[in-house]
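Report on the following structure.
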Amino acid sequence: MKLYYMPAACSLSPHIVANELGLEVEFIKVDHNDHTTQQGKNFHKVNPHGYIPALELADGTILREGPVIVQYLADLKPQAGLVPLNGSFERYRLQEMLSFLSTEVHKGFIPLLYAQQAGDYINTARPKLEKRFSWLNDHLAERPFLMGQNFSVADAYLFALTGWGQAPWLKSYYNAPIHFDGLQHLQGWYLRVKARDAVVKSLLEEGLDLN
Numbered sequence: 044m045k046l047y048y049m050p051a052a053c054s055l056s057p058h059i060v061a062n063e064l065g066l067e068v069e070f071i072k073v074d075h076n077d078h079t080t081q082q083g084k085n086f087h088k089v090n091p092h093g094y095i096p097a098l099e100l101a102d103g104t105i106l107r108e109g110p111v112i113v114q115y116l117a118d119l120k121p122q123a124g125l126v127p128l129n130g131s132f133e134r135y136r137l138q139e140m141l142s143f144l145s146t147e148v149h150k151g152f153i154p155l156l157y158a159q160q161a162g163d164y165i166n167t168a169r170p171k172l173e174k175r176f177s178w179l180n181d182h183l184a185e186r187p188f189l190m191g192q193n194f195s196v197a198d199a200y201l202f203a204l205t206g207w208g209q210a211p212w213l214k215s216y217y218n219a220p221i222h223f224d225g226l227q228h229l230q231g232w233y234l235r236v237k238a239r240d241a242v243v244k245s246l247l248e249e250g251l252d253l254n
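Numbering (the working numbering) for the sequence shown: 44 to 254.
Below, the structure written as structure tokens:
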């Protein structure tokens with residue numbers, strides 16, 4: 044399999060999941076500016092939408108959308124417990140969380156990442172995103188990971204997104220103008236996830252600073 048990624052982007056999520064599972068995956072970097080791969084291939088031929096991640100299977104099939112890709116990968120090794128069994132209520136709870144992260148958190152960052160273009164709208168977008176992170180902080184007060192006692196694909200997704208904001212306890216890769224300074228439960232969760240071997244390995248493979 045081949046995973047197409049950009050450093051520190053949302054594709055860090057399936058990157059972490061692949062390493063958690065010990066899967067044989069070739070990680071292919073895509074240039075943010077011209078959307079070519081490190082081999083010079085036009086990424087739009089892989090994903091016509093032009094965004095990452097994209098997972099290319101051994102038979103050439105392309106799977107898109109991060110929340111779907113992480114579930115596909117985790118289902119390859121269900122014994123690892125990164126996702127609940129398909130059809131279980133717990134699986135729907137996971138999908139609920141992945142949908143929340145995708146639509147309310149991930150997309151909520153877009154105006155902040157393009158603050159100049161967003162203009163005054165950032166004053167509407169930022170408080171909304173702050174409320175979403177406040178809810179996540181409260182949610183994590185009662186559990187070590189998003190779905191309970193065990194690390195899941197949802198934690199990998201949130202870890203990638205949290206690294207776009209700013210706080211004294213995290214290395215910000217995009218420096219979006221949102222601060223998580225007072226979110227102590229989010230901080231504890233972030234540091235737990237960051238210490239995982241698969242997370243460290245993924246960050247290093249993407250050429251990212253750990254400090």
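Don't be surprised by glycine CBs; every beta carbon is placed ideally from N, CA and C.
Does DSSP classify residue i as helix, strand or coil?
{"i": "residue 222", "result": "strand"}
{"i": "residue 168", "result": "helix"}
{"i": "residue 191", "result": "strand"}
{"i": "residue 48", "result": "strand"}
{"i": "residue 251", "result": "coil"}
{"i": "residue 186", "result": "coil"}
{"i": "residue 90", "result": "coil"}
Classify residue i as buried or exposed, calling it buried when 16 or more other Cβ atoms lie within 10 Å of its own Cβ.
{"i": "residue 198", "result": "buried"}
{"i": "residue 132", "result": "exposed"}
{"i": "residue 90", "result": "buried"}
{"i": "residue 178", "result": "exposed"}
{"i": "residue 62", "result": "buried"}
{"i": "residue 93", "result": "exposed"}
{"i": "residue 205", "result": "buried"}
Could you tell me which residues DSSP puts in a beta bridge with residue i?
{"i": "residue 7", "result": "Here the chain covers residues 44 to 254 and nothing more, so residue 7 does not appear."}
{"i": "residue 107", "result": "97"}
Following the continuous alpha helix (DSSP H) through residue i, name the residue where it begins and the one where it ends.
{"i": "residue 202", "result": "196-205"}
{"i": "residue 78", "result": "Run containing residue 78: none; DSSP gives neither H nor E here."}
Starting from residue i and walking both ways along the beta strand (DSSP E), at which residues does that stretch end?
{"i": "residue 99", "result": "97-99"}
{"i": "residue 69", "result": "69-72"}
Quick one: what's got a C-beta closer than 6 Å to residue i's C-beta in the same chain, skipping five residues either side?
{"i": "residue 45", "result": "69, 71 and 99"}
{"i": "residue 230", "result": "212"}
{"i": "residue 161", "result": "154"}
Using C-beta distances below 7 Å, list every residue in its chain close to residue i, excluding the 5 sequence neighbours before and after it, in chain order.
{"i": "residue 171", "result": "151"}
Excluding the five sequence neighbours on either side, which residues of its own chain have a C-beta within less than 8 Å of the C-beta of residue i, listed in chain order?
{"i": "residue 118", "result": "126 and 129"}
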